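Count along the sequence shown starting at 1, add 69, and that's the number in the working numbering. Built from N, CA and C at the ideal position, the CB exists for glycine as well. This structure is a prediction, so every number in the text was calculated from the model and none was measured.
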Amino acid sequence: MNEYLLSIYIFIGLLIIVFLIDYFLINKKKLNLIKNKGLTKKGKKKKIKSISEIDYLTMKFKLNKKNLNMDRMIIMISLINAFIISVVSSIAMLMPFAIMWQLIVAFALLFGLIYALYEIYGRHLKKEEEKK
Numbered sequence: 070m071n072e073y074l075l076s077i078y079i080f081i082g083l084l085i086i087v088f089l090i091d092y093f094l095i096n097k098k099k100l101n102l103i104k105n106k107g108l109t110k111k112g113k114k115k116k117i118k119s120i121s122e123i124d125y126l127t128m129k130f131k132l133n134k135k136n137l138n139m140d141r142m143i144i145m146i147s148l149i150n151a152f153i154i155s156v157v158s159s160i161a162m163l164m165p166f167a168i169m170w171q172l173i174v175a176f177a178l179l180f181g182l183i184y185a186l187y188e189i190y191g192r193h194l195k196k197e198e199e200k201k
């Protein structure tokens, strides 16, 4: 099997798996706690955990949390996170260098993608907020 075709399969598989884990197991639970003011389905009181990506975007772009569609934001944040992890791991696996150089390039690519994609998404949110 071609090495590039295998890398594409791994990219798509990772994208789906990471999105599902990030959305359903991490962000959706936090969002439900925020909406229910810390109460679980069984009525137990839990500490409300904030979603760090939303906090970062609201602080950096001075967004109003009340005007944001949190459900849509959670989906987009989970997609961005899944895309970043999938791209970085796929590119790092394709490099014919030693593991040390793969890690260095992967970290540089990771930070660059995080900054770039969240900057683009934050500007998009800011434009949507200004339209309203």
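8 Å CB neighbourhood of Val156 in its chain, flanking five on each side removed: Phe80, Leu178, Leu182
Whole-number beta carbon distance between Leu94 and Ile154, since they are thought to touch under 8 Å: With a Cβ gap of about 14 Å, Ile154 and Leu94 do not count as contacting.
Ile146 beta carbon less than 8 Å from that of Glu122: yes
Among Phe152, Leu172, Ile120, the one whose alpha carbon lies nearest that of Ile86: Phe152
Under the three-state DSSP convention, the category Lys115 falls into: coil
Residue burial classification, Tyr187 (beta-carbon count within 10 angstroms, cutoff 16): buried
Nearest-angstrom Cβ-Cβ length linking Ile120 and Asn138, presumed shorter than 8 Å: Not quite, the Cβ-Cβ distance comes to about 14 Å (not below 8 Å), so this is no contact.
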